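Protein sequences appear in the order of chains A and B.
Basically the working numbering = 1-based index in the first sequence + 1138.
Basically the working numbering = 1-based index in the second sequence + 1138.
This report concerns only the one structure given below.
There are 2 protein chains.
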Amino acid sequence: MSSTRKATISDVARAAGVSRSTVSKVMNGTQKLSDATENRIWAAVRQLGYQASPHARSLSTGRSRAIGLVILDILNPHFTGIVKGAGRVAREHGYALLLADAEEDPAQEEELIRTLQAHTDGLLLAGSRLPDDKLRALHGPLTPIVTVGRVLSEVPSVVATEAQAARELTRLVVQSGAQRPAYLAGPSFWVNSQRTQGYLSTMMELGLTPAVISLPGVDLQGGAVAVHSLASHTPPQSPEFPDALICYNDIVATGVIGALGQLNLKAPDDVQVVAFGPENPLLSHITHAEIPSQQLGAEGTNLLLQTLNGELPPLLHLEFPTALALGTTSLSYISRTS
Amino acid sequence: MSSTRKATISDVARAAGVSRSTVSKVMNGTQKLSDATENRIWAAVRQLGYQASPHARSLSTGRSRAIGLVILDILNPHFTGIVKGAGRVAREHGYALLLADAEEDPAQEEELIRTLQAHTDGLLLAGSRLPDDKLRALHGPLTPIVTVGRVLSEVPSVVATEAQAARELTRLVVQSGAQRPAYLAGPSFWVNSQRTQGYLSTMMELGLTPAVISLPGVDLQGGAVAVHSLASHTPPQSPEFPDALICYNDIVATGVIGALGQLNLKAPDDVQVVAFGPENPLLSHITHAEIPSQQLGAEGTNLLLQTLNGELPPLLHLEFPTALALGTTSLSYISRTS
DNA sequence: CTGTTAGCGCTTTCAT
DNA sequence: ATGAAAGCGCTAACAG
């Protein structure tokens, strides 16, 4: 209606007939004043539609009430879940969420981190591809960080019980009849080494011969290429061909299923395909070890906020359990000639 | 290494033996100075690891170099694509991205918008559930907005050619043999009415009887419930049962496919299931009209940034074409009794 | 070409 | 119980 300018604290003070500091105290609950004045002030606030400038506040207090979240790739539903959880907790605590997508590029990640650090009170790093020492150097009292899905000393973190998840997945496919389950491994960071260990140790226990295959890329193509190159070495008909493929994630699994179809192999009848992945409606058809992504995002944020408020033991590593989720459908490839 | 405090512009000025304003001018390229001074300044900047405080800068300039993005639901891959596109463009232009997930709640959305408005220079609203007049009221010169996937007068927007996409999808299933394709409709906002119109007009043209079924919810369950309640009225064996279901989105489609399986119907052999959805590796198995989500996010951000810089015709509505993407796999339900 | 000065809007001692 | 005053770090006239 009225002016084109935004109301400032001075406007409120004037309207309420008090000083600016008084308004500030009332609005922040810093100090209790007489009911009469408080009411006048709140009335003025409402009437003017006053909203404190976050920038002025930040400059003055040295804190922004904002946190940053850097993720590996927003198209990956695991990170999507993390954003969901983090966003919810941040909002509940009155914090803004600055999101940055590293797009799987460490150089870009590093720059984004620098920028976000300046804007926020602390950072959540999910799926970071930076070397350990850089990560450790980042975690200071000025802007604390919490890592998600990666454990390293001197930096607080939240993770899922990845090794255990791998054990369960391996046992599952074997119980379902597999004799030669192979693991399609992702990039060599914490998550993958945990999963690899879980897979290997379980294979040992079961007296089976493990096969760890490195994915050329953690995407559709990566899964497809892995299957095709596997088939070119070991013919699908041969008794050495894996009868179960444990995939680093659901995206890879989707590529794997497609490639198997091209080889006229059906999942799960000919080859079981299972994966690690978040709780996500779109993935209900694939059997997987459910990584509690939303919980990781939420608890990571809680951890960060507690750190910011100094109400915390100096360092903490939190672990959250996974669950097995059986897929509800089977997929078979349709060959298209167009 | 050194102090625990962050370097300020005064530190740089002192180190370089110039005044603060000089430093500011050099760093912002506001004014060209002698090479000698410039070099001294940059050296000091690098040496101190100086980074300007965004808050101080924002307070001083009245602009934050940040934009806000409010989305309906981060778990929905359509919005995920929008975030990807918006994030990339924002980063390229040196803008920070504040993300807020409305979680499909208009009240929450409204509050998030208010908060983000205070933090940013402008807002991108994707999948907004607010009434038209509220949206129009939001769009002012103070903090401009751009809507994604919704057209209304007086507010700039970017959308996909939804009606056309619906036409193509309808034609596709009919060409593939369907006689009674039904449309499973989403909530009554712009996108859905466009799709409905496209579907209806094409059915008319083809001389077929349209059937628009309102989804009880736009999620897995919604799709499943729709199928089951449909089946309870019209037995799947009866000749009135749809032989194609055009789903509001891929999440619904996934629920639909599961429910069909429970009725012992296979997609696509018994019933074709197609959907509207973003370009996303996880959705490659479903045939759909590809909504260019990333492009919408990117171009919406461009539009917003141009508006912010005043370099724009007063109002603009941008449309982007969709593409048909054939699914690569067929899905069949596995009954589980556990 | 460089420096001085005066805010931006808010918080926060410190007086009263 | 309330107000005055200083300052957070930066930018932007305006002088020189």
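Beta carbons: idealized from backbone N, C-alpha and C, even for Gly.
Remember, it's a predicted structure, so these values are computed and weren't measured experimentally.
- Chain order gives the chain B residues near residue 1389/A as 1419 and 1420, where near means a beta carbon separation below 7 angstroms.
- Three or more beta-carbon pairs drawn from the segment 1298 to 1316 of chain A and the segment 1409 to 1419 of chain A are found closer than 8 angstroms, and the two stretches are therefore classed as touching.
- Taking a C-beta cut-off of 7 angstroms against chain A, the contacting residues of the segment 1196 to 1213 of chain B are 1196, 1197, 1202, 1212 and 1213, listed in chain order.
- In the DSSP assignment, residue 1285/A falls within the beta strand (DSSP E) that extends over 1283 to 1286.
- Residue 1437/A is not a Cβ neighbour of residue 1297/A, given a cutoff of 7 angstroms.
- At a C-beta separation below 8 angstroms, residue 1191/A has these neighbours in chain B: 1197 and 1256.
- A contact is defined here as three or more CB-CB pairs under 8 angstroms, and the segment 1308 to 1325 of chain B meets this definition with respect to the segment 1339 to 1359 of chain B.
- Fewer than three pairs of CB atoms, one per stretch, sit closer than 8 angstroms, so the segment 1417 to 1429 of chain B makes no contact with the segment 1352 to 1370 of chain B.
- If you draw a straight line from the Cα of residue 1225/A to the Cα of residue 1249/B, it is about 14 angstroms long.
- Cα atoms of residue 1178/A and residue 1154/A: separation of roughly 6 angstroms, rounded to the nearest angstrom.
- The criterion of a C-beta distance shorter than 7 angstroms is not satisfied by residue 1196/B and residue 1259/B.
- Taking all protein chains in view, the Cβ of residue 1211/A is crowded by 16 or more other Cβ atoms within 10 Å, so the residue is classified as buried.
- A distance below 7 angstroms separates the beta carbons of residue 1220/A and residue 1434/A.
- If one requires a minimum length of 4 residues, the alpha helix (DSSP H) runs lying completely within the segment 1189 to 1215 of chain A are 1192 to 1199, in chain order.
- Proximity of residue 1194/A to chain B, defined by a Cβ-Cβ separation below 7 angstroms, is satisfied.
- In the DSSP assignment, residue 1271/B falls within the unbroken alpha helix (DSSP H) covering 1270 to 1276.
- Boundaries of the beta strand (DSSP E) harbouring residue 1410/A: 1410 to 1416, taken from the DSSP string.
- With a threshold of 7 angstroms between beta carbons, residue 1234/A makes contact with chain B.
- With a threshold of 7 angstroms between beta carbons, residue 1412/B makes no contact with chain A.
- The C-beta of residue 1276/B comes no closer than 7 angstroms to any C-beta of chain A.
- With respect to the 7 angstroms criterion, residue 1234/B and residue 1231/A are not classified as neighbours on the basis of their beta carbons.
- Rounded to the nearest whole angstrom, the CA to CA distance from residue 1458/B to residue 1450/A is 50 angstroms.
- Chain A places a beta carbon closer than 7 angstroms to that of residue 1237/B, counting this residue as a contact.
- Residue 1366/A sits exposed, since fewer than 16 C-beta atoms from the chains shown fall within 10 Å of its C-beta.
- Non-local C-beta neighbours of residue 1350/B in its own chain, meaning closer than 8 angstroms and more than five positions away in sequence, comprise 1320, 1321, 1323, 1334, 1337 and 1338, ordered along the chain.
- Around the Cβ of residue 1432/B, a 10 Å sphere holds 16 or more other Cβ atoms; the residue is buried.
- Secondary structure of residue 1337/B (DSSP, three-state): helix.
- Look at residue 1392/A: its C-beta is under 7 angstroms from a C-beta on chain B.
- For residue 1425/B, no CB of chain A lies under 7 angstroms from its own CB, so it is not counted at the interface with that chain.
- For residue 1148/A, the enclosing alpha helix (DSSP H) has its first and last residue at 1147 to 1154.
- With a cutoff of 7 angstroms on beta-carbon distance, residue 1228/B and residue 1445/B are scored as not near each other.
- With 16 or more other CB atoms across the displayed protein chains lying within 10 angstroms of its CB, residue 1266/A is buried.
- With fewer than 16 other Cβ atoms inside 10 Å of its own Cβ, residue 1402/A counts as exposed.
- In the structure shown, the three-state DSSP call for residue 1292/A is coil.
- The beta carbon of residue 1369/B lies closer than 7 angstroms to those of 1401 in the same chain, with the five residues before and after it left out.
- Inclusion of residue 1254/B and residue 1270/B in the CB contact set at 7 angstroms is not warranted, their separation being larger than that value.
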